[in-house]
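Under UniProt numbering, the final residue of the sequence shown carries the number 151; numbering is consecutive throughout. Glycine residues also receive a C-beta, built at the ideal position from the N, C-alpha and C atoms.
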Amino acid sequence: MPAAAKSAPRDVADHLCFAIYSAGHAFNRVYKPLLDELKLTYPQYLVMVALWAEDDQTVGEIGDKLFLESSTLTPLLKRLEGLGYLTRRRDPNDERQVRLRLTDKGAALRKKSGDVSACVGAATGLQVEAIVKLRNQISTLRDNLMKTNGT
């Protein structure tokens, strides 16, 4: 048994999972007014960020990147399509796949969203190097937890 597992913290504030959970809530409070200006929810914003990085992805690829199930992703994508930010089309080479492509309006939204990351980064009060290190540690933590859960 790892040393960290030998004695569980008694106070909720001492639990690592609570620190991450409550930090997630704090992030949401910072993101919300910024994304409200773009008329996006946080999950919609993540889809857009993924498509700005690499356009023309399948629904499955986006779901894998964002750890979202198809049942969660489908209504979110329909809303983004309704807003005119992306198109959903069956892949002509594989009808089982639905491909997502940015529209001109969706690509243009990238410029409007430029301040979001900078504002959130500034709100952390951390230097870029510390943010990168923390992000990498949290990603490793997530990956380790997913391995123990078999996902």
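Could you name each continuous alpha helix (DSSP H) segment of 4 residues or more that falls completely within the segment 47-135, going from the start of the chain to the end?
59-66, 70-82, 104-112 and 114-124
Which of the three DSSP states is assigned to Leu145 in this structure?
helix
Using DSSP with H/G/I as helix, E/B as strand and the rest coil, what is Ser22?
helix
According to the neighbour-count rule (16 or more other Cβ atoms, all chains shown, within 10 Å of its Cβ), is Val47 buried or exposed?
buried
Straight-line Cα distance separating His15 from Trp52
Computed Cα separation, rounded: 36 Å.
Are Arg101 and Asp56 close, meaning C-beta to C-beta below 8 Å?
yes
Please tell me whether Thr103 and Gly84 are closer than 8 Å, where the distance is taken between their beta carbons.
Against a cut-off of 8 Å, the Cβ pair of Gly84 and Thr103 comes out as a contact.
Drop a sphere of 10 angstroms on the beta-carbon of Leu40, count the other beta-carbons inside from all chains shown, and report buried for 16 or more, exposed for fewer.
buried
Taking only the alpha-carbon atoms, compute the straight-line gap between Asn144 and Tyr45 and give it to the nearest angstrom.
26 Å
Would you check if the segment 25-44 and the segment 74-81 touch, i.e. whether three or more CB-CB distances between them fall below 8 Å?
yes
Pairwise C-alpha distance: Thr58 and Glu95
11 Å
For the candidate residues Tyr21, Arg99, Pro33 and Asn28, whose alpha-carbon lies nearest to that of Ile62?
Residue nearest to Ile62 within the set Tyr21, Arg99, Pro33 and Asn28 is Arg99 (criterion: CA-CA distance).
Looking only at C-alpha atoms, which of Thr148, Asp11 and Ala23 sits nearest to Ala123?
Ala23
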